[in-house]
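One structure below.
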Amino acid sequence: MAIRRADFPLPDLDEPLTAPFFAAAARRELRIPRCDRCAAFVWYPQPACPRCGDVPGWVTVSGRGALFSWAVVRRAFLPAFEAMVPFVSGLVAIDEDPSVRVVSYVVDAEPGSLYAGMPVVADFRPLAFPTVPGREVVVPVFRPLDAPTGAGGGPR
Amino acid sequence: MDDWGHAPDLEDVAGEVAIVGIGETAYTKASGRTAREIGAEAAERAIADAGLEPRDIDGLTWSGAFADFDAAAFHEHFGTSHDLWTSPWGGGMAWAGTAPHLAALAIREGRARHVLNVFPVAWATQRASMTGGPGEVHAAQAAKQNLEVPFGWFPQPVYFATIMRRHMIEFGTTPEQFGAVAVAARRHANLNPDAVMHGRPMTIDDYLASPVLADPLRLLDSCLISDGGAAYVTTGIDRARDLPRPPAVVAGVGEGYSGTGTNWAQQRAFTSTPQVFSAPRAFSMAGIAPADVDVLTVYDPFTVVSLMQIEDMGFCPKGEAGAFVEGATLHHDGGVLPFNTHGGLLSHAYVLGIAHVVECVKQIRGTAAAQVPGCEVAVYGGYTGHMASTLVLVKDR
Ligand SMILES: [Zn+2]
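Protein chains in written order, with the working numbering: chain A, 1 to 156; chain B, 1001 to 1397.
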């Protein structure tokens, strides 16, 4: 039951259920699985559409959404996060279907300036942990829609 | 729209069985004991409390998810070898509330006469070696491991900080209102010598000054990590009346499930628990309304989970639990809704709900440390993320 992957807590790029999400992020795209037959998003990813059983495809979405809720994490619960705290981890309801909530870092904003419904947009940044030297994975993060594009760097 | 989860139809067992024996170990920080040892001690004490011998126990419900005290452990400890009807869908958490329903059906069908439910935990001891704990199970799930953990949305304090903030956003709930739940739990723990936090008074100022783990969630919003265990014996109502202790009669049981399982991030009713589905079923089986409840114990890993369950079980309208719990509402002596009168997971011990059910039995017997005067109806609200349960216990007529 314990996680034995050496690159944990980076995402497992060999996990078929979620690999397309990270492959898209590497191309600076936010992609979400959707059932073509039902025209409904299937989130989190599942091997089959829970409504009709079809195999969902992945579609590129705008990356725009509204901040639904968030936590300002001050205590590192895993050693990997010790150098990163404090950081904001939140849920973003995507514009195409607000019932789809993408979990990620909220960056380029003071925690005190965040508010429910705040318009945000996906950006794509390398994620790395000091506990996993030499590895990084590009992931979607969210920044305020009206904020300038950050100068890059990690999800802070 | 209440279609984000469901409640299975449970067979009506109202009045058929009663809890007749309870047993508890010491509740402690790291004890160095194994969960199996703790389970055996709790079992021994529950059987003795019921006025029974180990060989009288012919049914055992335990937690398949933990597997610390199964039939083999029972027989090894008691040196017995008789047939045991068993089910791994008992133990603690939500199942601490539904195990009496399993027992009722087994007793009705003649498979067992005296059914023991046991739940021990040794997470305080295990934490040092990181071989167990609430986060590990979640991190193993593919969606969480890849779409939540890498983004810092892990473990439980972060999930519930996010739910807490949404409750504040939607309903205007304040830190002082979350704090009222923690302070009430500590007040009760200070009346209960068995509670881990007995002798450690806490005020609302202490709460507000406690470290913020994941804003808005503070350390004092959070449960303990403990060693300890408890057990109870259920039997048919006629047999119960022959045994020494006053029966705590099982009047109603409910179960509810969230359609999104433990993927809290995706639960449409983000600030609700499956008590929405469970509690009405249990209250209907028991023929009671929320206003009839004399004492409520709910699975309280974080203060927001208590607020949500108080709302979802119908003790106040949705969104109003913050205002509801202020003042003396939750106090055992004169409160409108005496709540977690043993101290709960926050201040009694983190033994995952089994002690909540034991507390309900004590309240019905009239032997609780913080006894609610004239208690006749005691309710447990179990919560295990994807699932909630509701157990209504009443005094025998
Ligand atoms: Zn479909």
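We treat Cβ as the ideally placed atom computed from N, Cα and C, and that holds for glycine.
Can you check whether the CB of threonine 1025 (chain B) is closer than 8 Å to the CB of glutamate 1011 (chain B)? Locating residue 1011 (chain B) in the second sequence gives position 11, where the first residue counts as 1. Locating residue 1025 (chain B) in the second sequence gives position 25, where the first residue counts as 1. No.
Assign valine 137 (chain A) to buried or exposed, taking buried as 16 or more other Cβ atoms, counted over all protein chains shown, within 10 Å of its Cβ. Position 137 of the first sequence holds residue 137 (chain A). Classification for valine 137 (chain A): buried.
Could you compute how far the alpha carbon of glycine 1319 (chain B) sits from the alpha carbon of valine 1013 (chain B)? As a first step, residue 1319 (chain B) must be located in the second sequence, where it is residue number 319. As a first step, residue 1013 (chain B) must be located in the second sequence, where it is residue number 13. Distance between the alpha carbons of glycine 1319 (chain B) and valine 1013 (chain B): 32 Å.
In whole angstroms, what is the alpha-carbon distance linking valine 1149 (chain B) and glycine 1172 (chain B)? As a first step, residue 1149 (chain B) is located in the second sequence; it is residue number 149 there, counting from the start. As a first step, residue 1172 (chain B) is located in the second sequence; it is residue number 172 there, counting from the start. Straight-line Cα distance between these residues: approximately 29 Å.
Is there a Cβ from chain A that is less than 8 Å from the Cβ of alanine 1143 (chain B)? Position 143 of the second sequence, counting from 1, holds the residue named residue 1143 (chain B). By this cut-off, alanine 1143 (chain B) is an interface position.
For a cutoff of 8 Å on Cβ pairs, would you count glutamate 1148 (chain B) as touching chain A? As a working mapping, residue 1148 (chain B) is identified with position 148 in the second sequence. It does: the Cβ of glutamate 1148 (chain B) has a partner Cβ on chain A nearer than 8 Å.
Contact test: cysteine 52 (chain A) Cβ vs ligand 1 heavy atom, cutoff 7 Å: As a working note, residue 52 (chain A) is residue 52 in the first sequence. Yes - ligand 1 has a heavy atom lying nearer than 7 Å to the Cβ of cysteine 52 (chain A).
Looking at the C-beta of threonine 60 (chain A), does it have a partner C-beta in chain B at a distance below 8 Å? Taking the first residue of the first sequence as 1, we reach residue 60 (chain A) at position 60. Chain B contact via Cβ: absent.
Under 7 Å by beta carbon: chain A residues contacting leucine 1352 (chain B): As a first step, residue 1352 (chain B) must be located in the second sequence, where it is residue number 352. Per Cβ cutoff of 7 Å: no residues; leucine 1352 (chain B) is ~17 Å from chain A at best.
Ligand 1 heavy atoms versus the CB of cysteine 38 (chain A): any closer than 7 Å? Position 38 of the first sequence, counted from the start, is the residue given in the question as residue 38 (chain A). Because some heavy atom of ligand 1 lies under 7 Å away, the Cβ of cysteine 38 (chain A) counts as near it: yes.
Are tyrosine 1383 (chain B) and threonine 1273 (chain B) close, meaning C-beta to C-beta below 8 Å? Counting from one through the second sequence, the residue named residue 1383 (chain B) turns up at place 383. Counting from one through the second sequence, the residue named residue 1273 (chain B) turns up at place 273. Yes, Cβ-Cβ distance for tyrosine 1383 (chain B) and threonine 1273 (chain B) is below 8 Å.
Since I believe threonine 1162 (chain B) is in contact with serine 69 (chain A) (beta carbons under 8 Å), could you give me their beta-carbon distance rounded to a whole number of angstroms? For the purposes of this step, residue 69 (chain A) is taken as residue 69 along the first sequence, with counting starting at 1. For the purposes of this step, residue 1162 (chain B) is taken as residue 162 along the second sequence, with counting starting at 1. With a Cβ gap of about 5 Å, serine 69 (chain A) and threonine 1162 (chain B) count as contacting.
Does the beta carbon of cysteine 49 (chain A) fall short of 7 Å from some heavy atom of ligand 1? Here residue 49 (chain A) corresponds to residue number 49 of the first sequence, with the count starting at 1. Yes, the beta carbon of cysteine 49 (chain A) sits closer than 7 Å to at least one heavy atom of ligand 1.
Considering just the uninterrupted stretch of the beta strand (DSSP E) at arginine 31 (chain A), what are its terminal residues? The residue labelled residue 31 (chain A) in the question sits at position 31 within the first sequence. It spans 30–35 - the beta strand (DSSP E) in which arginine 31 (chain A) sits, taken as one unbroken run.
Closest Cβ-Cβ distance between valine 103 (chain A) and chain B: below 8 Å? Indexing the first sequence from 1 puts residue 103 (chain A) at position 103. Closer than 8 Å to some Cβ of chain B, the Cβ of valine 103 (chain A) qualifies, so yes.
How about the region 1153–1170 of chain B and the region 19–37 of chain A: do they share at least three Cβ pairs that are nearer than 8 Å? no
Apart from the five residues on each side of it in sequence, which residues of its chain come closer than 7 Å, Cβ to Cβ, to glutamate 86 (chain A)? Counting from 1 along the first sequence, the entry for residue 86 (chain A) is found at position 86. The sequence shown places proline at residue 86 (chain A), rather than the glutamate named in the question. Taken in chain order, the residues that qualify are Val72, Val73 and Arg74.
Quick check on valine 1212 (chain B) - is its C-beta less than 8 Å from some C-beta in chain A? Your numbering for residue 1212 (chain B) matches position 212 in the second sequence. Yes, valine 1212 (chain B) counts as interfacial toward chain A.
Beta carbon of cysteine 1375 (chain B) nearer than 8 Å to that of valine 1253 (chain B): Mapped onto the second sequence, residue 1375 (chain B) falls at position 375. Mapped onto the second sequence, residue 1253 (chain B) falls at position 253. No, they are not a contact pair.
Neighbouring residues, chain A, relative to tryptophan 1153 (chain B) (Cβ below 7 Å): In the second sequence, residue 1153 (chain B) corresponds to position 153, counting from 1. Per Cβ cutoff of 7 Å: Ser89 and Val103.
Measuring from the CB of cysteine 1223 (chain B), is there a heavy atom of ligand 1 at a distance below 7 Å? Here residue 1223 (chain B) refers to the residue found at position 223 when the second sequence is read from its first residue. Outside the cutoff, so no.
Going by the beta-carbon positions, is the gap between arginine 1127 (chain B) and isoleucine 1225 (chain B) smaller than 8 Å? Counting from 1 along the second sequence, the entry for residue 1127 (chain B) is found at position 127. Counting from 1 along the second sequence, the entry for residue 1225 (chain B) is found at position 225. Yes. Within cutoff.
Between which two residues does the alpha helix (DSSP H) harbouring tyrosine 1159 (chain B) extend? Indexing the second sequence from 1 puts residue 1159 (chain B) at position 159. It spans 1156–1171 - the alpha helix (DSSP H) in which tyrosine 1159 (chain B) sits, taken as one unbroken run.
Please go through the same chain and pick out, in chain order, the residues whose beta-carbon is closer than 6 Å to the beta-carbon of histidine 1331 (chain B), but skip the five residues on each side of it. Counting from 1 along the second sequence, the entry for residue 1331 (chain B) is found at position 331. Here the set comprises nothing.
May I ask you to check if the CB of cysteine 35 (chain A) is nearer than 7 Å to at least one heavy atom of ligand 1? Here residue 35 (chain A) refers to the residue found at position 35 when the first sequence is read from its first residue. Correct: cysteine 35 (chain A) has its Cβ closer than 7 Å to ligand 1.
Residues within the region 1261–1272 of chain B neighbouring chain A, beta-carbon criterion of under 8 Å: Asn1263, Ala1265, Gln1266, Arg1268 and Phe1270
Kindly list, in the order they appear in chain A, the residues whose Cβ is closer than 7 Å to that of alanine 1161 (chain B). Your numbering for residue 1161 (chain B) matches position 161 in the second sequence. The answer, in chain order, is Ala71.
Among B:Asp1333, B:Met1164, B:Gln1275 and B:Gly1023, nearest to histidine 1006 (chain B) - alpha-carbon criterion: For the purposes of this step, residue 1006 (chain B) is taken as the residue at position 6 of the second sequence. Closest option to histidine 1006 (chain B), Cα to Cα, is B:Gln1275.
Simplified DSSP state of tryptophan 1004 (chain B), which is helix, strand or coil: In the second sequence, the residue the question calls residue 1004 (chain B) occupies position 4. Tryptophan 1004 (chain B) falls in the coil class under three-state DSSP.
Report yes if the C-beta distance between tyrosine 1380 (chain B) and valine 1196 (chain B) is below 8 Å; otherwise report no. The count along the second sequence starts at 1 and reaches residue 1380 (chain B) at position 380. The count along the second sequence starts at 1 and reaches residue 1196 (chain B) at position 196. Taking 8 Å as the Cβ cut-off, tyrosine 1380 (chain B) and valine 1196 (chain B) do not qualify as a contacting pair.
In whole angstroms, what is the alpha-carbon distance linking threonine 1125 (chain B) and phenylalanine 1119 (chain B)? On the second sequence, residue 1125 (chain B) is found 125 positions in, with the first residue counted as 1. On the second sequence, residue 1119 (chain B) is found 119 positions in, with the first residue counted as 1. Those two C-alpha atoms are separated by around 16 Å.
Given a threshold of 16 other Cβ atoms within 10 Å of its Cβ, counted over all protein chains shown, does alanine 83 (chain A) qualify as buried or as exposed? Taking the first residue of the first sequence as position 1, residue 83 (chain A) is located at position 83. Classification for alanine 83 (chain A): exposed.
Can you say whether glycine 1287 (chain B) is buried or exposed, counting buried as having 16 or more other CB atoms within 10 angstroms of its CB? Here residue 1287 (chain B) is taken as the residue at index 287 of the second sequence, counted from 1. With fewer than 16 Cβ atoms within 10 Å of its Cβ, glycine 1287 (chain B) is classed as exposed.
Within 8 Å (strictly less), CB to CB, does cysteine 1088 (chain B) reach chain A? Here the question's residue 1088 (chain B) lines up with position 88 in the second sequence. Contrary to the premise, residue 1088 (chain B) reads as proline rather than cysteine in this sequence. No, proline 1088 (chain B) lies away from the interface with chain A (no Cβ there is under 8 Å from its Cβ).
Between alanine 122 (chain A) and chain B, is the shortest Cβ-Cβ distance under 8 Å, so that the two count as touching? The sequence position of residue 122 (chain A) within the first sequence is 122, counting from 1. So, not an interface residue.
Per-residue DSSP class, three states only, for tryptophan 58 (chain A): Here residue 58 (chain A) is taken as the residue at index 58 of the first sequence, counted from 1. Residue state, collapsed to three classes: strand.
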